[in-house]
Each structure stands twice: as structure tokens, then as C-alpha cells.
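Novice:
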Amino acid sequence: MDFILSVFRLMAERKTLIYETLLQHIGISLTAVLFIALVGIPLGILISRHPKMATPIIYITGVLYTIPVLALFGFMIPILGIGSRPTLFALFIYGLLPLVRNTYVGITGVDRSIIEAARGMGSTVRQLLWNIELPLALPVIIAGLRTVVVMTISVATIAAFIGAGGLGVLIFRGITTYNT
């Protein structure tokens, strides 16, 4: 019980620092998720329309996904500098695979008989996408987006190593001072 009270006392004493780092972390994470969604969903739609592009794009995003986070951060520092730019780029690379793959799987998994019925009623390609395919694929796309959000929030913690801020700052301060 004393430990819990001491934690709450410490949080009350340092609430400004905690709020600042929390806001930095949320800002980095939301910005990255927004960029990932703006590129990943259209890319998934594109490869669902052009199946020959699906394998190479999913393969490339899969290879980029396997690069260790710290190695990618280290590689980005000479190119993009220190701070939020290399962090956003790395988070963007890591988040593409789940969203592109889930968008592709969701759209290609729509029952062909539903698509044929819509075509038979005179739906255009655009109407098929917006009125049939995307609404039916939405649960799979949202599952990919949920994966991206969780992954982005966790990887953004490591971004404190390259000066991006966020909650990782507090974690690394505690580790370096042996203050657990």
C-alpha cells in the first residue's frame, strides 16, 4: 500500500512533466497513424484492383517491417536528423504492412456473388467500391488499423532514443538513473 501511495505522490509532484511527455507521445502516434491510414488504405485498395502488384507491394512492406526498430532509427538519423521526422518515417514504415494487407484481404474477401449482384443492378466501379466492398471490408480494415495504433504507440516509446520525446523519455530516465 505504501508503494502505491508513493507512486501517486511522485506522479502528483511531476504531473507537468508527465502531461508534456504524454502529449508528445500522443502527437507523434496520432500523426504517424494518420499518415499510415492516408497511404495504407488507398494502397490496399490499389493492389486489390491490380492483383499483379499485390505480391511485390506486400513483400516490400513485409521486408521493411522486419528491420529492427533501433537499426532503422540509427539509419534515419544521418538522413533525416534527430527528432520527430525520423520517428514519423520509421513509424510509417512499420505501420504500412498491417493496414495494406488487411485492406487488401478485406476487399478481396468480399463475396463475389454480392459484387455480381451489384453489377447486375448497374453499379459502376466507384459505386461498387464505396457502397459494397469498403463497407463489407470495414471490419478487417479496422482490425488492421487497431493493430497499427497499438504498434505505433509502443514503438513511439523507443523514439525517445533519437530525441523525439514522448513517454519513452520517462522510461529511459528511470532506467539510466536506476530509479525503478
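Just so you know, we're using this note's numbering here: the sequence shown kicks off at 57 and counts up by one.
Using N, Cα and C, we set each Cβ at its ideal position, and we do this for glycine too.
(1) Looking at the structure shown, is P98 part of a helix, part of a strand, or coil, going by DSSP?
(2) Report yes if the CB atom of I163 is closer than 8 Å to the CB atom of G96, and no otherwise.
(3) Using 8 Å as the threshold, is the C-beta distance between V89 and V205 below it?
(4) Please confirm whether L144 and T203 have their CB atoms less than 8 Å apart.
(5) Since I believe V196 is in contact with N158 (beta carbons under 8 Å), could you give me their beta-carbon distance rounded to a whole number of angstroms?
(6) Alpha carbon to alpha carbon, how far is L192 from V225?
(7) For A174 and N187, what's the separation of their Cα atoms in angstroms?
(8) Have a look at I60 and M67 and give me their C-alpha separation to the nearest angstrom.
(9) For the pair the region 138-157 and the region 108-122, tell me if three or more CB-CB distances fall below 8 Å.
(10) Just the C-alpha distance for A135 and T180, rounded to the nearest angstrom, thanks.
Specialist: On the basis of the coordinates in this document:
(1) To locate residue 98, count along the sequence shown from 1; it is residue 42. Reduced to three states, the DSSP call for P98 is helix.
(2) Numbered from its first residue, the sequence shown carries residue 163 at position 107. Numbered from its first residue, the sequence shown carries residue 96 at position 40. For the 8 Å CB-CB criterion, I163 and G96 do not form a contact.
(3) To locate residue 89, count along the sequence shown from 1; it is residue 33. To locate residue 205, count along the sequence shown from 1; it is residue 149. Contact: yes.
(4) Translated into the one-based positions of the sequence shown, residue 144 becomes position 88. Translated into the one-based positions of the sequence shown, residue 203 becomes position 147. Cβ distance not < 8 Å, so L144 and T203 don't count as in contact.
(5) In the sequence shown, counting from the first residue as 1, residue 158 sits at position 102. In the sequence shown, counting from the first residue as 1, residue 196 sits at position 140. Their Cβ separation, rounded to whole angstroms, is 5 Å, which keeps N158 and V196 in contact under 8 Å.
(6) On the sequence shown, position 136 is the one that residue 192 refers to. On the sequence shown, position 169 is the one that residue 225 refers to. Their backbone Cα atoms lie some 41 Å apart in a straight line.
(7) Taking the sequence shown and counting its residues from 1, the one referred to as residue 174 is at position 118. Taking the sequence shown and counting its residues from 1, the one referred to as residue 187 is at position 131. One C-alpha to the other measures close to 9 Å.
(8) Position 4 of the sequence shown, counted from the first residue, corresponds to residue 60. Position 11 of the sequence shown, counted from the first residue, corresponds to residue 67. Going by the C-alpha atoms only, they are around 11 Å apart.
(9) Yes, the region 138-157 touches the region 108-122.
(10) Locating residue 135 in the sequence shown gives position 79, counting from the first residue. Locating residue 180 in the sequence shown gives position 124, counting from the first residue. The residue you asked about is not Ala; residue 135 is Ile in the sequence shown. Between I135 and T180, the C-alpha separation is close to 45 Å.
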